[in-house]
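*Asks:* One structure, as structure tokens, below. Some questions next.
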Amino acid sequence: MTRAISLANFGKTLSKLAITLTLSLGLTGCDYFQTQTDANSPIGAKQIAKLIPKRGQDSKSWAQDINQIFDTLKIEKNAQNICTAVAIIDQESNFKANPPVPNLGQSSLKAMNEELEEKLGSTLAPYFRTMLKTEPTPDNSFEKQIAKVKTEEELDDIYHQMFAYFSSKYYASKLNSVTKLVGGDIEEKLDPITTLGSMQVQVSYARDHRRMNGNNLELRKDLYSQYGGLYYGIHRLLLYKANYQDSIYRFADYNSGMYSSRNAAFQKMLHELSKAEIDYDGDLLIYEKGNKISANISQSEQALISMIQQGMISLTERQVRMDLAKEKSQDFENTETYRTIGSLYKMKTGKNAPTAIMPQVVISGAKLSRDYNTKWYADKVNVRYLNCMNKAKF
Numbered sequence: 005m006t007r008a009i010s011l012a013n014f015g016k017t018l019s020k021l022a023i024t025l026t027l028s029l030g031l032t033g034c035d036y037f038q039t040q041t042d043a044n045s046p047i048g049a050k051q052i053a054k055l056i057p058k059r060g061q062d063s064k065s066w067a068q069d070i071n072q073i074f075d076t077l078k079i080e081k082n083a084q085n086i087c088t089a090v091a092i093i094d095q096e097s098n099f100k101a102n103p104p105v106p107n108l109g110q111s112s113l114k115a116m117n118e119e120l121e122e123k124l125g126s127t128l129a130p131y132f133r134t135m136l137k138t139e140p141t142p143d144n145s146f147e148k149q150i151a152k153v154k155t156e157e158e159l160d161d162i163y164h165q166m167f168a169y170f171s172s173k174y175y176a177s178k179l180n181s182v183t184k185l186v187g188g189d190i191e192e193k194l195d196p197i198t199t200l201g202s203m204q205v206q207v208s209y210a211r212d213h214r215r216m217n218g219n220n221l222e223l224r225k226d227l228y229s230q231y232g233g234l235y236y237g238i239h240r241l242l243l244y245k246a247n248y249q250d251s252i253y254r255f256a257d258y259n260s261g262m263y264s265s266r267n268a269a270f271q272k273m274l275h276e277l278s279k280a281e282i283d284y285d286g287d288l289l290i291y292e293k294g295n296k297i298s299a300n301i302s303q304s305e306q307a308l309i310s311m312i313q314q315g316m317i318s319l320t321e322r323q324v325r326m327d328l329a330k331e332k333s334q335d336f337e338n339t340e341t342y343r344t345i346g347s348l349y350k351m352k353t354g355k356n357a358p359t360a361i362m363p364q365v366v367i368s369g370a371k372l373s374r375d376y377n378t379k380w381y382a383d384k385v386n387v388r389y390l391n392c393m394n395k396a397k398f
């Protein structure tokens with residue numbers, strides 16, 4: 005399962021991939037070493053290799069890297085945590101550091117053409133299209149090279165060559181002007197590959213959690229490596245605490261975003277209490293490109309505002325906005341808004357507030373033959389996870 009690729013924001017068309025295990029750093033939970041291995045015994049590289057599916061190439065090397073990364077990140081090496089990582093890696097890449105993607109070249113060209121005006125402006129976009137078709141030579145144009153690529157790394161390499169050629173041969177001064185307008189590294193902003201590696205990690209996430217100094221190109225090379233792809237993927241998967249009672253919700257979170265399962269449960273409570281129409285997508289606020297919170301009012305926020313106006317809850321609109329801004333962290337569970345809705349739900353329904361439900365997010369994009377949803381993804385990962393846990397009874 006891979007993610008969408010598009011110019012600058014094509015990766016956003018795929019809901020961001022997410023695992024929902026109830027395992028975080030140091031998570032305990034059920035014991036799965038009940039036969040021959042003590043439940044509290046850490047798993048070593050040799051045992052990890054046995055948990056990697058046979059289709060994985062060089063399981064010993066993968067196991068050694070996984071073992072080292074768990075030690076580096078200080079994540080408990082129990083069966084649940086190891087199998088969480090194994091299941092996601094297998095789902096995303098079948099244990100290939102740089103997996104081939106069917107129809108990658110043609111889908112990438114389509115995405116580029118659709119978004120060039122938006123990203124480069126109406127003046128530069130036509131020249132970029134001309135370069136695609138004619139440079140560096142008509143017989144070996146960038147367009148023809150892209151059409152033949154099999155992996156994201158190949159596409160990434162051609163893209164950077166193409167951008168360097170474009171900026172040197174065409175309108176470098178105008179590109180500099182565009183850079184001033186959009187800010188930051190325009191080459192990085194326009195790169196069509198936004199998720200990559202064996203665990204399909206968002207480049208933006210890796211950038212925020214760099215393990216070494218270097219520029220954006222070096223970071224991408226690291227993500228394409230076996231160790232780097234695993235490091236950032238395991239970091240994203242297991243280094244956030246979530247109070248889930250079922251592993252499948254961490255799988256869902258890997259697909260649709262951290263805490264999406266918890267937030268979807270909050271949205272369900274809001275819907276039942278307010279009767280407002282709310283999508284259970286796990287996003288309590290509206291976000292602009294670059295994950296900046298929008299000033300626009302979301303369905304969830306509007307439902308809360310309506311409940312305030314009707315006297316159903318004693319909160320202020322300002323408090324609600326401040327609390328919802330914490331939706332991507334565990335801190336949201338300690339806010340007045342979260343606690344108030346949970347208490348009101350229990351009082352009105354007689355049922356405990358749900359802590360997680362499956363987010364209703366559609367996965368779509370050029371890498372996929374058809375649309376899927378987060379439940380499909382989480383179920384697929386869960387099958388792999390359960391198979392791994394069964395093998396963990398050493």
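Residue numbers (my numbering): 5 to 398. Don't be surprised by glycine CBs; every beta carbon is placed ideally from N, CA and C. Bear in mind that the values here come from a model prediction, so they are computed numbers and not experimental data.
How many Å lie between Q72 and Q206 at the Cα?
*Replies:* Here residue 72 refers to the residue found at position 68 when the sequence shown is read from its first residue. Here residue 206 refers to the residue found at position 202 when the sequence shown is read from its first residue. The alpha-carbon atoms of Q72 and Q206 are separated by roughly 22 Å.
*Asks:* What is the DSSP secondary structure of T183, counted as helix, strand or coil?
*Replies:* Walking along the sequence shown from the start, residue 183 turns up at place 179. The predicted model places T183 with a pLDDT of 49, which falls under 50 and marks its position as unreliable; any figure quoted below should be read in that light. Of the three classes helix, strand and coil, the one that applies to T183 here is helix, per DSSP.
*Asks:* State the Cα-Cα distance for the pair L223 and L308, rounded to the nearest angstrom.
*Replies:* Translated into positions along the sequence shown, residue 223 becomes position 219. Translated into positions along the sequence shown, residue 308 becomes position 304. Rounded to whole angstroms, L223 to L308 spans 41 Å at the Cα level.
*Asks:* Can you tell me whether L390 is buried or exposed, with buried defined as 16 or more other CB within 10 angstroms of its CB?
*Replies:* Numbered from 1 along the sequence shown, position 386 holds the residue referred to as residue 390. L390 should be labelled exposed.
*Asks:* Quickly, what does DSSP pair Q206 with across the bridge? List them, please.
*Replies:* To locate residue 206, count along the sequence shown from 1; it is residue 202. Paired residue(s): T199.
*Asks:* Could you please give the first and the last residue of the uninterrupted alpha helix (DSSP H) stretch that includes N452?
*Replies:* Lying outside 5 to 398, the shown extent of the chain, residue 452 is not represented and no answer is given.
*Asks:* Put I361 into one of helix, strand or coil per three-state DSSP.
*Replies:* Sequence index remark: in the sequence shown, residue 361 carries index 357 (1-based). Three-state result, I361: coil.
*Asks:* Are the CB atoms of K154 and L120 within a distance shorter than 9 Å?
*Replies:* The residue labelled residue 120 in the question sits at position 116 within the sequence shown. The residue labelled residue 154 in the question sits at position 150 within the sequence shown. No. Outside cutoff.
*Asks:* Taking Cβ positions, are L128 and I150 nearer each other than 9 Å?
*Replies:* Start at 1 with the first residue of the sequence shown, and residue 128 comes out as number 124. Start at 1 with the first residue of the sequence shown, and residue 150 comes out as number 146. Going by C-beta atoms, L128 is not nearer than 9 Å to I150.
*Asks:* From the DSSP secondary-structure annotation, give me the bridge partner or partners of Y376.
*Replies:* Translated into positions along the sequence shown, residue 376 becomes position 372. DSSP lists I367 as partners of Y376.
*Asks:* Three-state secondary structure (DSSP) at P104?
*Replies:* Counted from its first residue, the sequence shown places residue 104 at position 100. Three-state DSSP puts P104 in a strand.
*Asks:* Tell me the rounded alpha-carbon separation between S63 and Q95.
*Replies:* Here residue 63 is taken as the residue at index 59 of the sequence shown, counted from 1. Here residue 95 is taken as the residue at index 91 of the sequence shown, counted from 1. If I take the Cα positions, the gap works out to 16 Å.
*Asks:* Is the distance from the Cβ of A246 to the Cβ of Q334 below 9 Å?
*Replies:* Taking the first residue of the sequence shown as 1, we reach residue 246 at position 242. Taking the first residue of the sequence shown as 1, we reach residue 334 at position 330. Yes, Cβ-Cβ distance for A246 and Q334 is below 9 Å.
*Asks:* Please report the Cβ distance between I70 and L234, rounded to the nearest whole angstrom; I am assuming they are in contact, meaning their Cβ atoms lie under 8 Å.
*Replies:* Looking up residue 70 in the sequence shown gives position 66. Looking up residue 234 in the sequence shown gives position 230. Between L234 and I70 the Cβ distance is about 6 Å, and since that is below 8 Å, they are a contact.
*Asks:* What residues in its chain sit with their C-beta under 6 Å from that of I290, if we drop five residues either side in the sequence?
*Replies:* By 1-based counting over the sequence shown, the position of residue 290 is 286. S298, N300, S302, listed in sequence order.
*Asks:* Of the residues M116, C87, M326, which one's Cα is nearest the Cα of I47?
*Replies:* Indexing the sequence shown from 1 puts residue 47 at position 43. Checked all of M116, C87, M326; the closest Cα to I47 is C87.
*Asks:* May I have the straight-line CA-CA distance separating Y236 from Q249, to the nearest angstrom?
*Replies:* Stepping through the sequence shown from its first residue, residue 236 is reached at position 232. Stepping through the sequence shown from its first residue, residue 249 is reached at position 245. Straight-line Cα distance between these residues: approximately 25 Å.
*Asks:* Quick one: is T339 buried, meaning 16 or more other Cβ sit within 10 Å of its Cβ, or exposed?
*Replies:* In the sequence shown, residue 339 corresponds to position 335, counting from 1. Buried is the call here.
*Asks:* Could you spell out the range, first to last residue, of the alpha helix (DSSP H) harbouring N267?
*Replies:* For this step, residue 267 is matched to residue 263 along the sequence shown. Where N267 is concerned, the enclosing alpha helix (DSSP H) stretches over 264-278.
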